[in-house]
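Each protein sequence line maps, in turn, to chains Z and B.
196 is the number that the working numbering gives to position 196 of the first sequence; each next residue is one higher, with no gaps.
Add 313 to a position in the second sequence, counting from 1, and you land on the number used in the working numbering.
Every residue gets a Cβ at the ideal spot worked out from N, C-alpha and C, and that includes glycine.
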Amino acid sequence: MVDMVESTNLTQELGVALTPQQIERLEHDSRRENWGRNWYKFSRNPMSVLGLVIVLTVVALAILAPYVTPYPRHAGPFVDFAHAKVPPFGKYVFGTDQIGRDIFTRIIFGLRSSLLMGVLVLALVVPPGVLAGLMAGYFQGSWIDTAIMRITDIFLAVPPLILALAVASVLEPNLWNGMLAVSLMWWPWYTRLVYGLATQLRNEYFVRAAEVNGASTWHILFREIFPNTVSPVLTKMSLDIAWVIIIGSMLSFVGLGVQPPEPSLGTMVADGARYLPDQWWIVIFPALAIVVVVLGFNLLGDGVRDMFASEGG
Amino acid sequence: MSMARFLIRRIVYSIFVLLGLSIVIFAIARIMPGDPARMALGARAPQWVVDRLREQMHLNSPLPAQYLYWLRDALQGDFGLSLVTQRPVTRDILEFFPATLELVLIAGILSAVGGIGLGVLSARHKDTWVDNVVRVFSYTGVVIPSFLFAIFFVLLFGWTLHLLPILGRLSESTQTPPLRTGLMTIDTLLAGRPDAFVDSMRHLILPALALALGSMAQEARITRSSMSDNLGKDYIASARGLGVPERIVMGRFLLKPSLIPTVSILGLDIASTFSIAFLVELIFNWPGIARYGMGAMLHKDLNAISAVILVLGAVFIVVNIIVDIVVAKLDPRIRLQAGRSA
C-alpha cells in the first residue's frame, strides 16, 4: 500500500517512466490488495461465511467419502435385508433404506455426483456462452450478432428443465448425458449476460483507443472487454451452481440422471417416497441434504454478488 | 398505435422463434439411436411392415425433407400417434392440457398475490420482525426445490394431519361432472355442483402451493427490494413534502413503478412453473400434460415428446408477450421507446 502510493507520487512528480519490472510489481501488489479487500467485504457478512463453511464441508466430505463414511460398501451394489428400514439415530445415524443400506453413507457418496454435475456443467457452459456473448456484443448489428442472438432466443423460448428432460430421455439416461442435456440448455443465459455487458463496453474509450491503435480483434475481445465481464460472470456462476444441482437432482428424481446402484440424492428421494409415511427417514435425510447443499451455495453466491456489487463501478 | 406496432413485431418475431424451436425439437427427436418405425411397431413386427411404415413416415427422405413433412403435419395439428396411449397425440394433449393449465393458473395467482403482498408488507415494515419473518420465508422458498415441498406437503397434510387430499383432481366418491372446459373448478360450477367444486378446490390447494412457493418467495424478495429502492427516491420525498396523503404516495406513486420488476419475473416464473409441474404432477398423480409428457419421455415416445415441448414453448412465448404488454402499461418509458423505434 505504502509502496504503491509512494512510487506513484514519485512518478508523477519527477515524470520518470517506470520500468516494466516496477509496473509488474505494482500490479501484483494492487491485485493482492484487491483480494484482501474483497475478502474483508465478504467476511463481514456472517451468512456468506456460513455459506462458505457449508460448501467447503460438503466438498471435503464428498472428496473424502470413502474415508469418512461408516459403510463405504453400501454405496455400491449391496443388499442386507436383515437390516432393512432400520430407524435413524441408532447404529445407523440416518437409518437404513428399503434394502438395508446405510443412508448416511449413501448421502455422502450422493454428494459426489451432485457436485460433479454442478462443476462440470458450468465448466462446459461458461466458455462457449461467454465467447458467443462477447462476439455478438462486440459485433453488434452485424450478421454475427443476429445469428448468435437469434439462436439464443430459440433456446430461451423453453424452460431449461423441459428441454433437458427431453434430451436426457432421448439419450441413454446416465449422469454424463444428464450433464450434457443441462449444459445444452444453459449456455444462452451466459451469452445474454455477456452480450448486454459487451454492447456497453464496446463504446468505452479504452476499447476505442485500442481500436485506433490497431489492436487485433482477439486482443480487444479478450484483453479489453473480457476482463470487465469477469465479476458479473463469476457472480452468476456462484448463484447458478445451486440451480444446476437442483436440476440434477430433479433429473435423477424422475430416473433420467444417475442410475442405480450408484447413489444420488434425487434418486434416494424418489425411491424413499414410496415408503412414506412410515419410513419417513428414507426420504427426509436425502431431501435435507439437497436443501443444505443448495442453501450453502446460495449463501456463498449472495456473498460473492455483494462483494462484487460494492466494487465501485 | 405505437403499442399495436410493438405488439405485431413481437408476435411476428415469436413465430420465427417457434419455427427455430421446432427445428431444435426435430433435431432432438432424430438424435435418438434406433429406427422410429421399428420402435413404433415393436420388435416382433415383420420387416416389410416396418419398411412400409418407414415409407409412410418419409424416413427414407433426406433430413430437411423429413423436417418439412413433419412441420406440415404439425401445423395442421397432426403430431402422429402416441406410442404409449395409441391415440393421436393432439387428442391426448387437448385432454391433459386443461388440468395443467388450471393448476398453473391457481399457482400463478397464489404466487402473485402472496409474493406481492408479502413484499409490500416487508417493505412497509422494513427492519422489524415482520420484515425478518418474510425474509426468512423467502430464503426458504428459494433454497427448497418445489418437488421437495410437494413431498413435505404429502407427508404433513396428507398422511400426518389428514387435512387435504393428495391424489388426483377429485375424490373417488365425487362424480366427475361433464367436461366442457376441462378446468374442473369451472366444470363443476357449470354443472351446478357446489360440493364437487369444493372437492376440486381442495385437491388443487397442495399441488398449486407446492408449485407456487418458489416463485412466491422470489417475488416477495424482488417487490421488497424494488420498493425500498424507490422509497429513497426524490419524487417520493417531494410528494410527501407537498402533503400528498400517505395512502396515495404508497399506493399510486410507490407501488406501481415498484411492480415492474416483479411482473417481469412473474411472467418467467409462470412459464417455468410448467416445467416444475413435470415433477409435482408426478407426485400428486395429477392427470396433466406434464405427467403425460413425463410418461412419454420415460417411454421414448417421440411424437408425444415433440408435441408437448412445442405446445409448452408456445405457451411460454404467449405468456412472455402478455408480460411485455403489462410491463409496457406499467412503465411509460418502454411505451415511449417502442413508439420511437417503431
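Buried or exposed: phenylalanine 466/B, going by 16 or more other Cβ atoms within 10 Å of its Cβ?
-> buried
So with Cβ pairs under 7 Å, would you call proline 128/Z a contact of chain B?
-> no
Beta-carbon proximity list for isoleucine 578/B, same chain, < 7 Å, skipping 5 on both sides = Gln531, Glu532 and Ile535
So, is arginine 565/B buried or exposed, given that buried needs 16 or more other C-beta atoms within 10 angstroms?
-> exposed
For leucine 239/Z versus proline 188/Z, is the C-beta spacing smaller than 7 Å?
-> no
With distances taken from CA atoms, which of Ala620/B, Ala509/B, Ser424/B and Pro520/B is nearest glutamate 485/B?
-> Ala509/B
Have a look at the DSSP bridge pairing and note the partners of threonine 229/Z.
-> Partner(s): none; threonine 229/Z has no beta bridge.
Can a CB atom of chain B be found closer than 7 Å to the CB of leucine 265/Z?
-> No, its Cβ sits nowhere closer than 7 Å to a Cβ of chain B.
Exposure label - phenylalanine 319/B; buried when at least 16 CB within 10 Å | buried
Residues near leucine 300/Z by beta carbon distance below 7 Å, same chain, minus five either side = Ser48, Gly51, Leu52, Val55 and Ser238
Nearest chain B C-beta to valine 291/Z closer than 7 Å, yes or no?
-> yes
C-alpha distance - tryptophan 243/Z paired with threonine 586/B, whole-angstrom precision | 15 Å
The ligand HEM heavy atoms versus the CB of glutamine 279/Z: any closer than 6 Å?
-> The model on display carries no ligand, and the ligand HEM is accordingly not part of it.
The alpha helix (DSSP H) with methionine 135/Z in it runs from where to where?
-> 103-138
So, using beta-carbon positions, are serine 424/B and serine 528/B closer together than 7 Å?
-> yes
May I have the straight-line CA-CA distance separating glutamate 24/Z from tyrosine 40/Z, to the nearest angstrom?
-> Taking the straight line joining both Cα atoms gives about 24 Å.
Alpha carbon to alpha carbon, how far is serine 231/Z from alanine 132/Z?
-> 17 Å
Can you tell me the Cβ-Cβ gap for isoleucine 336/B and isoleucine 162/Z, rounded? I've got them flagged as a contact below 8 Å.
-> Wrong, their Cβ atoms sit about 16 Å apart, outside the cutoff.
Evaluate arginine 653/B with the Cβ neighbour count: other Cβ atoms within 10 Å of its Cβ, from every protein chain shown; 16 or more gives buried, anything less gives exposed.
-> Note that arginine 653/B has pLDDT 49, beneath the 50 cutoff, so the model's placement of it is unreliable and the number below is only indicative. Flag for arginine 653/B reads exposed.
Within chain Z, partners of valine 447/B - CB distance below 7 Å | Those within 7 Å of valine 447/B in chain Z number zero; the least Cβ separation is about 16 Å.
Any idea what DSSP makes of proline 700/B, helix, strand or coil?
-> Residue 700/B is absent from the structure shown; chain B starts at 314 and stops at 655.
Would you please verify whether the beta carbon of aspartate 317/Z is less than 7 Å from any beta carbon of chain B?
-> This structure gives no information on residue 317/Z, because the portion of chain Z shown stretches from 1 to 313.
Please name the residue or residues paired with threonine 96/Z in a DSSP beta bridge.
-> Asp102/Z, per the DSSP bridge assignment.
Any chain Z beta carbon closer than 7 Å to tryptophan 472/B = yes
Chain Z residues whose Cβ lies nearer than 7 Å to that of leucine 519/B = Going along chain Z, no residue has its Cβ under 7 Å from leucine 519/B, so there is no contact; the nearest lies around 14 Å.
Give every residue of the same chain whose Cβ lies closer than 7 Å to the Cβ of threonine 96/Z, excluding the five residues on either side of it in the sequence, and list them in chain order.
-> His83, Ala84, Lys85, Val86, Asp102 and Ile103
Proximity test, Cβ basis, 7 Å: proline 458/B and chain Z = yes
Identify the contact partners of isoleucine 622/B in chain Z, using a Cβ-Cβ distance below 8 Å as the criterion.
-> Val158, Ile162, Leu163 and Ala166
Whole angstroms is fine: what's the gap from leucine 184/Z's alpha carbon to leucine 124/Z's?
-> 9 Å
Under a CB-based cut-off of 7 Å, is serine 114/Z close to chain B?
-> It does not: the Cβ of serine 114/Z has no partner Cβ on chain B nearer than 7 Å.
Output, in chain order, the set of chain B residues within a Cβ distance shorter than 9 Å of leucine 111/Z.
-> The contacting residues do not exist; leucine 111/Z stays about 16 Å from chain B at best.
Among Asp444/B, Arg506/B, Leu524/B and Asp348/B, the one whose alpha carbon lies nearest that of glutamine 488/B | It is Arg506/B.
Can tyrosine 190/Z and glycine 129/Z be called in contact, C-beta distance under 7 Å?
-> yes
List the residues that DSSP assigns as beta-bridge partners of leucine 394/B.
-> Within the DSSP bridge table, the entry for leucine 394/B names Pro401/B as partners.
Leaving out five residues on either side along the sequence, give the residues of the same chain with a beta carbon under 6 Å from the beta carbon of methionine 314/B.
-> Confidence at methionine 314/B is low in this model, with a pLDDT of 49, below 50, so its placement is unreliable and no value can be given for it.
Distance, Cα to Cα, alanine 166/Z vs tyrosine 205/Z?
-> 46 Å
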